[in-house]
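Enquirer:
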Amino acid sequence: MLRPYVSACKTRILTVSGTNHDDAPPDEAPALALQIIHYPHPTLRHVSRPLTRVDAELRRMVAEMFDLMYEHEGVGLAANQVDLPYRLFVANPTGNPDEKDAEAAFINPVLSGGKGQVEGEEGCLSIPGVNGMVVRNARINIEAYSLAGEEISGEVEGLMARIVQHEVDHLDGRLFIDRLTPTQLAEIRDDLEEFEIDFDSRRNTGEMPSDEAIAARLAELSRLRT
Ligand code: ZN
Numbered sequence: 382m383l384r385p386y387v388s389a390c391k392t393r394i395l396t397v398s399g400t401n402h403d404d405a406p407p408d409e410a411p412a413l414a415l416q417i418i419h420y421p422h423p424t425l426r427h428v429s430r431p432l433t434r435v436d437a438e439l440r441r442m443v444a445e446m447f448d449l450m451y452e453h454e455g456v457g458l459a460a461n462q463v464d465l466p467y468r469l470f471v472a473n474p475t476g477n478p479d480e481k482d483a484e485a486a487f488i489n490p491v492l493s494g495g496k497g498q499v500e501g502e503e504g505c506l507s508i509p510g511v512n513g514m515v516v517r518n519a520r521i522n523i524e525a526y527s528l529a530g531e532e533i534s535g536e537v538e539g540l541m542a543r544i545v546q547h548e549v550d551h552l553d554g555r556l557f558i559d560r561l562t563p564t565q566l567a568e569i570r571d572d573l574e575e576f577e578i579d580f581d582s583r584r585n586t587g588e589m590p591s592d593e594a595i596a597a598r599l600a601e602l603s604r605l606r607t
């Protein structure tokens, strides 16, 4: 497996509070009960602002994101897919929770210098059961911070290149279906409509908050850490 990045301690713009050993042990930490939201939830269209602070609660959120990603057999998960307005995503191209070496959390990721074009099949945990062929750069540079506040910088390729492009799209409020051709979109139109009908019915029962309530919650969460 390709090492997805090289890590180097450089400038630190994130405030990182608490170290892993003085956090509460995982079994004493209250569960945040994050859930994966589905298309067309408006948080999936939220453009996330960079994080300025990493603390114990954020690390717990990231741990839950990894758990959810594995539970749903994904290889990447962005914060707005769990209804959080933060510029971060988690990934493990092996999809195997035992392969900890392949895991990475990327905070404030920035992509640059994409090279080559390659088509590959993508799906999304926020649109389960829907797949499509998407053209992405074959190789691309990513710069980000780790959870420890260290700079991550390097070129990724293969599946990892596809994952980082898909996840950074999420952080910009973009879904892989936005990159499909009209013909491809027509093929999945019925599936998307089912998600839309389900969303509308949850709105009608009051289970799904209004757009205004969702936006207010995101603004409050954003104010705390960005
Ligand atoms: Zn996705």
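Numbers 382 to 607, taken from the working numbering, label the letters of the sequence shown in order. All C-beta atoms in this analysis are idealised placements derived from N, C-alpha and C, irrespective of residue type, glycine included. All values reported here derive from a predicted model rather than from experimental measurement.
Hey, is the segment 482-499 in contact with the segment 511-527, meaning 3+ C-beta pairs nearer than 8 Å?
Expert: Touching, yes.
Enquirer: Report, in whole angstroms, the separation of the C-beta atoms of V428 and G554, which I expect to be a contact under 8 Å.
Expert: As a first step, residue 428 is located in the sequence shown; it is residue number 47 there, counting from the start. As a first step, residue 554 is located in the sequence shown; it is residue number 173 there, counting from the start. Between G554 and V428 the Cβ distance is about 5 Å, and since that is below 8 Å, they are a contact.
Enquirer: Candidates I508, E531 and V511: which alpha carbon is nearest A485's?
Expert: On the sequence shown, residue 485 is found 104 positions in, with the first residue counted as 1. Closest option to A485, Cα to Cα, is E531.
Enquirer: Using DSSP with H/G/I as helix, E/B as strand and the rest coil, what is S591?
Expert: Start at 1 with the first residue of the sequence shown, and residue 591 comes out as number 210. Here S591 sits in coil by DSSP.
Enquirer: So if DSSP puts L458 in a beta bridge, which residue, or which two residues, is it bridged to?
Expert: As a position in the sequence shown, residue 458 is number 77, starting the count at 1. In DSSP, L458 forms a bridge with V471.
Enquirer: Do N461 and L552 come within 8 Å of each other at the CB atom, strictly closer than that value?
Expert: Counted from its first residue, the sequence shown places residue 552 at position 171. Counted from its first residue, the sequence shown places residue 461 at position 80. In this structure, N461 lies closer than 8 Å to L552 by Cβ.
Enquirer: Quick one: is the Cβ of H422 within less than 7 Å of any heavy atom of the ligand ZN?
Expert: The count along the sequence shown starts at 1 and reaches residue 422 at position 41. Not so, every heavy atom of the ligand ZN lies at least 7 Å from the Cβ.
Enquirer: If you reduce the DSSP assignment to three classes, tell me which class E500 lands in.
Expert: One-based indexing of the sequence shown puts residue 500 at position 119. Three-state result, E500: strand.
Enquirer: Consider the Cβ of I595: report whether some Cβ of chain B lies at a distance smaller than 8 Å.
Expert: Judged by its chain identifiers, the structure shown contains no chain B, having just a single protein chain.
Enquirer: Taking only three categories from DSSP, how would you classify P466?
Expert: By 1-based counting over the sequence shown, the position of residue 466 is 85. Here P466 sits in coil by DSSP.
Enquirer: Report back the beta-carbon spacing between I544 and Y420 to the nearest angstrom; my notes put them in contact at under 8 Å.
Expert: Looking up residue 544 in the sequence shown gives position 163. Looking up residue 420 in the sequence shown gives position 39. 19 Å between Cβ atoms; not a contact.
Enquirer: Quick one: what's N489 bridged to in DSSP?
Expert: In the sequence shown, the residue the question calls residue 489 occupies position 108. Answer is none; N489 lacks a bridge partner.
Enquirer: Which residue comes first and which comes last in the beta strand (DSSP E) that contains Y420?
Expert: Mapped onto the sequence shown, residue 420 falls at position 39. Neither: Y420 is in no beta strand (DSSP E) and is coded neither H nor E.
Enquirer: Given this structure, state the Cα-to-Cα distance separating I488 from V435, to the nearest angstrom.
Expert: For the purposes of this step, residue 488 is taken as residue 107 along the sequence shown, with counting starting at 1. For the purposes of this step, residue 435 is taken as residue 54 along the sequence shown, with counting starting at 1. Between I488 and V435, the C-alpha separation is close to 9 Å.
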